[in-house]
Each structure stands twice: as C-alpha cells, then as structure tokens.
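Written out below as structure tokens is the structure these notes cover.
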Amino acid sequence: MAALTWKSPALIGAVCLIAVLSIINIKRDPPPELQGSLFAHGHIVQCNFENLSRSNNSQFFLGITLDAPSAPYLRLNPNNSERGKYESLCQRKAAVHVTYQAIQRLVGPIRFWVKDIVEG
Numbered sequence: 019m020a021a022l023t024w025k026s027p028a029l030i031g032a033v034c035l036i037a038v039l040s041i042i043n044i045k046r047d048p049p050p051e052l053q054g055s056l057f058a059h060g061h062i063v064q065c066n067f068e069n070l071s072r073s074n075n076s077q078f079f080l081g082i083t084l085d086a087p088s089a090p091y092l093r094l095n096p097n098n099s100e101r102g103k104y105e106s107l108c109q110r111k112a113a114v115h116v117t118y119q120a121i122q123r124l125v126g127p128i129r130f131w132v133k134d135i136v137e138g
C-alpha cells in the first residue's frame, strides 16, 4: 500500500475539497435592509418537510411559504419532537407571526431562517 505524500493526487484532492467546503460556508453580512430581525405575518400556504437523517430523534427541515407577498421562503430546522406542532399549523393553514433573519454565505443566495413562529 502506497503512503500518502504531498504529491499524492488523493491527498491534494482531499485538501482542495476541504478548502472549498470551508470557503462556501463563510458567512457575510446581508444587505443593510435585511440585517437584524425581520418580521412577517400571514397565513401558511405551503410547507415542505424533509428529514435530515434516518433517525427519528434528529432535526428535520421545514420550508414555509406565507400568503404575504413580501414574505420570503422561510426555513427552519426544529427538533423532531416539535414536528407535530408544525404539521398542525401547516394543515390548518394557520395565520402566523414570524420573526426571521437573513443569512448570506460567500457562495449562494440569501436564505431566511426562522427565529420564532407564533400562531395568531
């Protein structure tokens, strides 16, 4: 079995992959109008549920679309124990108040992550 050296293509590839993954995860400030806590109010139109792993006790991804024209697509990674709460809100197409924040990384679009969601 050959030893890995700095000239080894596998080692160079692994180092490059780690560098690229590190760079794309660097956060940068969103535009001034999207900094800080943002707020939206509206009825839930659609929810997308996705499991993040095969185990039943981990987090899952929830994407929420509101009927408010100014509300962006909202993202949330709650614990699986809270899934019933969000499924109920989505099934009832409840009116909600959402506090969220914009997150921008060096690569990719601005994404909006829920900090708090309250029915009402």
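Residue numbers (our numbering): 19 to 138. Ideal Cβ positions, reconstructed from N, Cα and C, are used throughout, including at glycine. Just so we're clear, the structure is a prediction, and the values are computed from it rather than from any experiment.
- Boundaries of the beta strand (DSSP E) harbouring E68: L56 to N69, taken from the DSSP string.
- Burial check for Y91: the Cβ neighbour count within 10 Å stays below 16, so the residue is exposed.
- Using a C-beta cut-off of 8 Å, the segment 102-120 makes no contact with the segment 28-42, since fewer than three inter-stretch Cβ pairs fall below that distance.
- Apart from sequence neighbours up to five positions away, the residues of its chain that approach K111 with a beta-carbon distance below 6 Å are H61 and I62, ordered along the chain.
- Counting only residues of its own chain and dropping the five nearest sequence neighbours on each side, F130 has a CB closer than 8 Å to the CB of L56, P90, Y91, L92, R93, Y118, Q119, A120 and I121.
- Rounded to the nearest angstrom, the gap between the Cα atoms of A58 and H115 is 6 Å.
- About 4 Å separates the Cβ atoms of Q64 and T83, confirming a contact at the 8 Å cut-off.
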